[in-house]
Every structure is written in structure tokens, then in C-alpha cells.
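Protein chains: 2
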Amino acid sequence: MAPQLDNYFATVDNMAESFIDRLRKAVAIPSVSADEERRGDVVKMGEFLATELRTLGAEVELRELGKQPHKEHLDLPPVILARYGSSPDKRTILVYGHYDVQPALKEDGWATDPFTLTVDDKGRMYGRGSTDDKGPVLGWVNAIEAHQKAGMEFPVNLLMCFEGMEEYGSEGLDDLIVEEAPKFFKDADAVCISDNYWLGTEKPCLTYGLRGCNYYSVEISGPAQDLHSGVFGGTAHEPMTDLVKVLGSLVDVDGNIAIPGISDLVAPLTDEEKALYKDIAFTMDNLYESLGSKTGLFDNKERTLMGRWRFPSLSVHGVEGAFSAGGAKTVIPAKVTGKFSIRTVPNMEIEAVDALVLAHINKVFAALGSKNTCKPYLQHAGKWWVASPSHWNFTAAGKAVEHVWGVKPDLTREGGSIPVTLTFEQATGKNVLLLPMGSSTDAAHSVNEKLDRKNYVEGIKLLGAYLHYVADEPMS
Amino acid sequence: MAPQLDNYFATVDNMAESFIDRLRKAVAIPSVSADEERRGDVVKMGEFLATELRTLGAEVELRELGKQPHKEHLDLPPVILARYGSSPDKRTILVYGHYDVQPALKEDGWATDPFTLTVDDKGRMYGRGSTDDKGPVLGWVNAIEAHQKAGMEFPVNLLMCFEGMEEYGSEGLDDLIVEEAPKFFKDADAVCISDNYWLGTEKPCLTYGLRGCNYYSVEISGPAQDLHSGVFGGTAHEPMTDLVKVLGSLVDVDGNIAIPGISDLVAPLTDEEKALYKDIAFTMDNLYESLGSKTGLFDNKERTLMGRWRFPSLSVHGVEGAFSAGGAKTVIPAKVTGKFSIRTVPNMEIEAVDALVLAHINKVFAALGSKNTCKPYLQHAGKWWVASPSHWNFTAAGKAVEHVWGVKPDLTREGGSIPVTLTFEQATGKNVLLLPMGSSTDAAHSVNEKLDRKNYVEGIKLLGAYLHYVADEPMS
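If you're matching them up, the sequences are chains A and B in order. Numbering-wise, this note's numbering puts 58 at position 58 of the first sequence, and it's gapless, one number per residue. Numbering-wise, this note's numbering puts 438 at position 438 of the second sequence, and it's gapless, one number per residue.
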């Protein structure tokens, strides 16, 4: 029998303005983690969240993480660890979110003040952090309050982990998660993260996979200092000449990675999996709109979604050390560093990819016969993540989406990485679900970030409904 | 019979301290043409020079050039046009130099204040503009004064053209030269420019050739804005992928230009010409010292000098629009512009090279089959220049070098361009000689620019001696 949620939903609707007001207060605190000057505001935002949670009866701890690496004068903002409910009869769900935001300045091109929540006549609520990730974080707070106001028992024990450094590398968080896995997080039966977006604007989704990323530098050096091409052109091996050849050997223009062995690591596509892509709410026009051009690699949505989610890709990002300004400069750069990365998918292990990449580059460079020196190296790596979407955590979320939005959610993966997802899975050993609130047009990280009023209000219903369905699901 | 120069040389030696003092005053005026704030100092330097010349009896005009293009609030500094002597019985030599300097800040790494001439115990005179080009410009002034002090008749009529924008594109100069060729410059029998350097540090040279330069941009664009590689990697054609392939098709690592037809334009190397390189004072160690590495293309000096002077070269300078900072950024740049240039030699005409370059790039890009857009274009071009070293202008200079330095000068070319050289040749139709004063270690354009006291003092003798030998040479 489906959970009885009419009272909860009606209460959320009635409280909508006060929930928007809570988001307005949060957006007004410019908790920009990348900006040292704003560190006080990040802490203030953490304290605001702690106060809201305490007021609702949660046990809250502001966990200090010490000094920021390489900035020893700067304290990291605290991680908010909170528990709401501790009944042994209930399932325990661990939720994660972040209360810091990307930088934002009016002069970057915002139509409104980025730190004043501004709602337009279409219900679009503009403001930095509205969708990423203050809206979803407050979604959990609002769900607790609405249950109290509705006089309903909260269906699960809720563990919360809200950090303040997500937009600046989640400094210190991994260690905390690993440390608390057998302590504060030990009761968790599953994990839910609301920090991503629908694939489009109309249909909700549940996300069960992310690509990983191996990020590389290839440094090629020769002369001791930059040279004038008039004087030295034609007399010396030029690092940039070598580098464009090395970078040109990595991927073809159709996106096929040209590094021998890489494709052998990719899990074969089964007919069953292939069939899943047909029904996903996505069109080629969605792609062309996002690109602002028709320069897609494929002419059908199935192959496009596979290109984004389940096949690896290689992008050349740029060159450090060469001439990069406008105009003309006749320099022979002495040392150039090419940057590229490979988005990885099952079953590409970081080390296996790394071995193939380095062997390929070393071989290509050796074949060039240049007297310059070539040093390829892995800058950083994060593993791909794929969860089982048949776990009760996903089943419950799927039912909640259908209840709130009247439609079965798409089961999606994403092309980018949310490293904390994998950390939670590995540290707790529990199923992790990504349950987005906002839509693909929310412009997280960009100017005019927004969250639609409808996504916020229905999203609060969704988070609550999800917890009720979680309580109802049989063990799987 | 050789000119009698003992009296002149002795006078120069006696006046050396006052000539150094004149250079000290000039260096103290920070006439940085690239810096708007210093424009007043550039004008001040022009006026200083005009006053020195007038005091010695020259007719001097400060020719205004109007406003600086794209900076309509800024007057260009005047060109100093001066004449010393107008005897119809004498040859007339037109000399060119510039009184502006490159930017210089102590904090760039100068060991001494760049605008205070500082002479060390080895006679190295440090200061911005010491060698480039205030020392040589004052060399002409000093030569006039020394003749007066020595009571000697000046051997030629001297026309002078000293500009104040050389380090910032010689704005306005070309038009002036073309306009004055049949007027102020009409009596000129030959041109002498002292604004380059010896090939090494021990042996003077006369320079009779420069390479030209065709500078290109290749712009490749696709999406309307930069994309996140996690979301779009594997779904769209990436401009940077295409660009590295196009740039990789231009030249091989051994410096051979891979654009079909280019090598056919290069004048064949004759046995006679080949024999000239053997005796040039240059060693592979000179190259390795300049490079700070042993990454030379060739293992012998003859081929190395040919690579620098008489064969074309192609350098890839960098990429505009891609990620160019340190660290890692997972961007797919939407529009990237590769920059490269070709140093040209006889008989590579600008237009012929251009046609081959554009055809090659368009063909390579078309073969890639990318949906992106590729626009290659010529940013700017300057033609190569080669003068006849058997002209009396060179013969006279060669005898003067032998008289002053006791050694026959090397006849050299240079790999870079000094565009005004070609303009003077084309506008006046006269032979142009490059007669350097400083040596290869003077660090023009760099920190700790210097001119050796010996090069300055003997250089003043050389400029005067050259004019005497010019007066003595038969018509050729």
C-alpha cells in the first residue's frame, strides 16, 4: 500500500512561502568557498543551517576540519553532522549536500543581484546557490519541518552531512567520511545525494552512474628560456612542434580514443543495456540547444547519451607555457605543457588507463626523434561510479517520483564526476542514490543560476515522499 | 690611399668620458614607447636628441606624425629629421636609428636601476636603451662632435632619421619614409642602419640580409560557448582536437616545413654561397650557450647558420582561447586560435606563401571531416630583404671595420626582421647596410641590457671611419 502523503503534500504547499523565505535567507549569505575574504560568510552559512536544524530538534555537530592546505592562516569551514531521529525500528538514511557556493559578481553578467533571491513571473527563483546546492539542502530541513507541522511521524532516522568546501575541492571531507563511516555514519542503510540535475526540463530522473576522470599533463621542454623565432627558428627543436604532434595522436576528430588498448578496457555494451536508451527523455535538439551549434558527433540520441555516459572520451583542454594572448608574438616557448583528460567508465581502472596513456605518449614521442624532453604524468584521477538501480533505495525513489510528478523517472548516468559519491559508497559499503531537485537549465556555476519554484516545492515533497517509500520497501 | 683617421680616433678616445656622459643622460630619460604614461618622456628624449644635433650645427626638424592609431588621445612622438652638411661635392648618407626603448622595471630582475647607466669593472655599461638603440644613435652625434673637436672636415653629408616608436611597431614611419623619399631623403646615395648586433662577441659583422615573416592564425570554432568535458566529452566535435591535428601537419620535428610547395619557392643553394658559411665566426657552442641546451637541429655550424638565415622555418607559437593556466581545468574550449609563423627567404613572395598555407590548412581540415569551422588567415607579413654586399656601401664599411678592429668583418644575414630596412630600400632605391655596434650578449629587450664601453667607443670610431671610406670609394 502506498504511503499516505496527502497531508504532508498539503502542508508543504501551505508552507511554500516560508520555505522560499528560508532559501532567500540562505542565498543572502554569500558563502563563496573559493574566496578567502568570504570565509566568514561560509562559516555563517554553516551556523545558519545548524541553527535551523537545532530548532527542529536535530542533534547537530559543527565538525572542524583544521586549516586549509597551502593556506595555513585559513580555517576550513565546519562540516555539519546532524541526526534527526534514532529509532532502532526505522531505516536510517544518510543524506549529503553542501552549503557553499560558486563565486558570483553582478558584473559577471547577472541580470539581478546574485545574493538576493529574485523570483520572476514564471516562478524562476534566481540567486547564487539556489539550485546548487542550498535549495536541495534546505529541502531536507523543510521536509522535517513540514512533517512536524502536519503532525506526522518522520518515517526514517535521518543522518545529515553538509559540507562548506564542495566548490573548492571538498578539502578534508574524504578523510572525515572514512573516519566517520564506522562511527557517526555506521547506522546508515543507504545514502542519498541531492546535488545534480535532471537531464532535461520536463522529466525527473534518478542517477545511478558517473564517469571517472584521469587528468594528464604532458610537459615538453628543450631550451633553457623562451627564444625569438626570428633568431632561432630553423636551428633548434621546438617543444611546441613536438607537443601538437603528441596531442594530435590521442583522439580522432570523431571522438575515438587512439591510445592502443583503451577500448579493450571498456565493458561491452549488451543488447539489454542498449535498449534502455530508447526511452530516455532526451532529443538531439536538447543537445544542439546546449551546444549552441549542430556540431554533435552522432545523429541520434541513443549514441549521444552513450557517448556522454557509458563510453570514455578524451578532451584536449589547452597548453600551458605557450603564447595564449590575442595578437601576434614571435616566441618559441621553451617549455610547454599540454593538458588533456580521459573520462572513464566501467571497467577502466585508473592504473590500467594510466599505464596505457604513458606508454602511448612515450612511444609516440620516441618515434618523433626530437632532442627535447617529454614528461607525461597523471595530474589527478577519480574513479567512475555505477550503482545498482534495482536496490530498494532506487525503487523507493522511483515510486516517490511517480507519486509526486506522476511519471516514472528516467534512470540516467552522468558524464561528469561527483567524487564524494564514490567516497560514500566505498566508505559505508551502502547503496548511493543521486536524487536531483533542479533541472538542466538551472545554470549552476554560471550567471543567473536559478531554481524553479515548482522544482523546489515539489522537490520538498519528493524528498519527504522518498523517505516514506524507503520506510516501506522490503529488504532487497 | 686609406683615409687619415689617427687624429679622429685620438679625439674620440680623449672624448670618451663625455660621450659616455651623453649616453648616461639619454638612458636617464625613460622613453618607453609602449607605455602611454611614458609618452612625455619619449618626446623629451626626441627633444634632447634634437638639441644635441642643433648645438653641433645640424638642421633639425621634429616631424609630428599625428595621433596614435586606436589611441586617439595620444600624440605619436616626433621623428627627428636632421641634415648635417649639404655640399654637392660629397656623398650623402642617410642613417636611421630610434630613440625609444623597450619597457624596463627594476623588479623584472634588473641588477641595477634600468634608467641609470651603470658601468661595471669590466666596462659593461648597463641601462635600458644602452645598446638598443641610444648608443648607436648617439654614435652618429658623437662622430660629428669628434670631427669638430679634431678640426677635421666631415667627409659626407649626413641625413638622419631617428624615430620614437620602433619598439611599438614604428607607427607612422613607413608613410613618412615613402613621402620623404623624393624630398628630404632625395640626395641619399646609400643608407646605413645601426640597430642590430654582432653574431658573437669577438668579431664585427656587416649584415646584408634578413628573413621575412608571414604570421598566421587558424581559428577553429564549434559550440557557442565553452563546455564541461564531463557533460559534453564524447558527444560533440571538439575544436581543440581538430586544431592540434592541423598544427601538427605544418612542420616536422626536424624543422622541415610540411606544407606542399613551400620548399620549391626557396632559392637553390649554390656551391659558391655554401662556401661562405665556413669562415663565419660562429661555433656550435655559441648556439648551445644561447639555447641553454643541446637541442639544436644540426650538428654543424654551416647548416645551423643556413637554418637561421637562408632557409625558411615554421614555429608554432601557441593557442588563444584554450586553457593556459597552471593546474587542471576540465573545459572543452569553444573557439581556439592557433598561432604560427613562417620565416621567409628569397624567393618566397608573401602572396605565394599565403596561397600555399591556406590551401594546405583547408585541405587538411577538410580531410578531418569535422563539423567545426576552420578559418586560417594571415595576421601580418613582412618581406625578406637581401642587399648586395659588393656595393661600395658595404666595401667602405668593410674597410672601416678592418681599420678600427683590425679584422675583416663577417658578412652575415639575420633570421629575424627589421622591417624599416626593406622600406628604406624600396622607397629610396638605394643600397642599405646594417652596421652593428653592440655584440650578441647585449640583451636588447631583456633585463640587464648593456653596451660594452669598448663597443661604444670603437663603434664611434667605426661610424666616422665608415663615412670617410664612403667618401673614398669609387662609384660601383
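Beta carbons are placed, not taken as given, at the ideal position from N, Cα and C, and that holds for glycine.
{"Item": "Three-state secondary structure (DSSP) of A/A190", "Value": "strand"}
{"Item": "Straight-line gap, B/P3 to B/R39 (C-alpha atoms, nearest Å)", "Value": "43 Å"}
{"Item": "For A/K371 and A/E302, the rounded distance between their alpha carbons", "Value": "46 Å"}
{"Item": "Sub-8 Å separation of A/L158 and A/A465 beta-carbons", "Value": "no"}
{"Item": "contact_flag[the region 403–414 of chain A, the region 187–198 of chain B] where n(CB pairs < 8 Å) is 3 or more", "Value": "no"}
{"Item": "Beta bridge counterpart(s) of A/F424 as assigned by DSSP", "Value": "Looking at the DSSP assignment, A/F424 forms no beta bridge with any residue, so it has no partner."}
{"Item": "DSSP three-state assignment for B/T112, whether helix, strand or coil", "Value": "coil"}
{"Item": "Beta-carbon spacing of B/M437, B/G135 below 8 Å", "Value": "yes"}
{"Item": "Simplified DSSP state of B/E273, which is helix, strand or coil", "Value": "helix"}
{"Item": "Buried/exposed call for A/Q225, threshold 16 Cβ in 10 Å", "Value": "exposed"}
{"Item": "Per DSSP, cross-strand counterpart(s) of A/I93", "Value": "A/L158, A/A190"}
{"Item": "Alpha helix (DSSP H) segment containing A/N214, residue limits", "Value": "Premise fails: A/N214 lies in the beta strand (DSSP E), 212–221, not in any alpha helix (DSSP H)."}
{"Item": "C-alpha gap between A/L467 and A/A427, whole angstroms", "Value": "22 Å"}
{"Item": "8 Å Cβ cut-off: residues of chain E touching B/F424", "Value": "Annotation note: the requested chain E is absent from the structure, which comprises protein chains A and B."}
{"Item": "For B/W385, the three-state DSSP class (helix, strand or coil)", "Value": "strand"}
{"Item": "Proximal residues, the region 258–275 of chain B versus chain A, C-beta separation under 7 Å", "Value": "none"}
{"Item": "Of the residues A/K203, A/L206, A/Y216, the one placed nearest B/T330, counting alpha carbons only", "Value": "A/Y216"}
{"Item": "Rounded straight-line distance, which links the Cα of A/K339 to that of A/S313", "Value": "14 Å"}
{"Item": "Cα-Cα separation between B/C161 and A/D242, rounded to whole angstroms", "Value": "44 Å"}
{"Item": "Where A/H70 falls: helix, strand or coil (DSSP)", "Value": "coil"}
{"Item": "Beta bridge counterpart(s) of B/W236 as assigned by DSSP", "Value": "Here residue 236 of chain B is Ala; the residue named in the question, Trp, does not match the sequence. A/G296, per the DSSP bridge assignment."}
{"Item": "B/G327 and A/S417 closer than 8 Å at C-beta", "Value": "no"}
{"Item": "Inter-residue Cα distance where the pair is A/I262 and B/L227", "Value": "24 Å"}
{"Item": "Whole-number beta carbon distance between B/G222 and A/T295, since they are thought to touch under 8 Å", "Value": "4 Å"}
{"Item": "Beta-carbon spacing of B/G318, A/A322 below 8 Å", "Value": "yes"}
{"Item": "Alpha carbon of B/T529 to alpha carbon of B/Y126, nearest angstrom", "Value": "Given that chain B is displayed from residue 1 to residue 476, the structure contains no residue 529 of chain B and the question cannot be resolved."}
{"Item": "Cβ contact check for the region 243–256 of chain B and the region 270–285 of chain B: 3 or more pairs under 8 Å", "Value": "no"}
{"Item": "Validate contact between the region 398–405 of chain B and the region 160–175 of chain B using beta carbons, cut 8 Å, 3 pairs", "Value": "no"}
{"Item": "For B/Q379, three-class secondary structure by DSSP", "Value": "strand"}
{"Item": "Exposure of B/P182, with buried meaning 16 or more beta-carbon neighbours within 10 Å", "Value": "exposed"}
{"Item": "Three-pair Cβ contact test at 8 Å for the region 340–357 of chain A versus the region 378–397 of chain A", "Value": "yes"}
{"Item": "Contact under 8 Å by Cβ, B/L247 with B/V345", "Value": "no"}
{"Item": "Interfacial residues, the region 200–214 of chain A to chain B, with Cβ spacing under 8 Å", "Value": "R211, C213"}
{"Item": "Counterpart residues of A/Y99 in DSSP-defined beta bridges", "Value": "The partner list for A/Y99 (beta bridge, DSSP) is empty, contrary to what the question assumes."}
{"Item": "For A/Y168 and A/E17, the rounded distance between their alpha carbons", "Value": "32 Å"}
{"Item": "Beta-carbon proximity of B/Y288 to B/M306, cut-off 8 Å", "Value": "no"}
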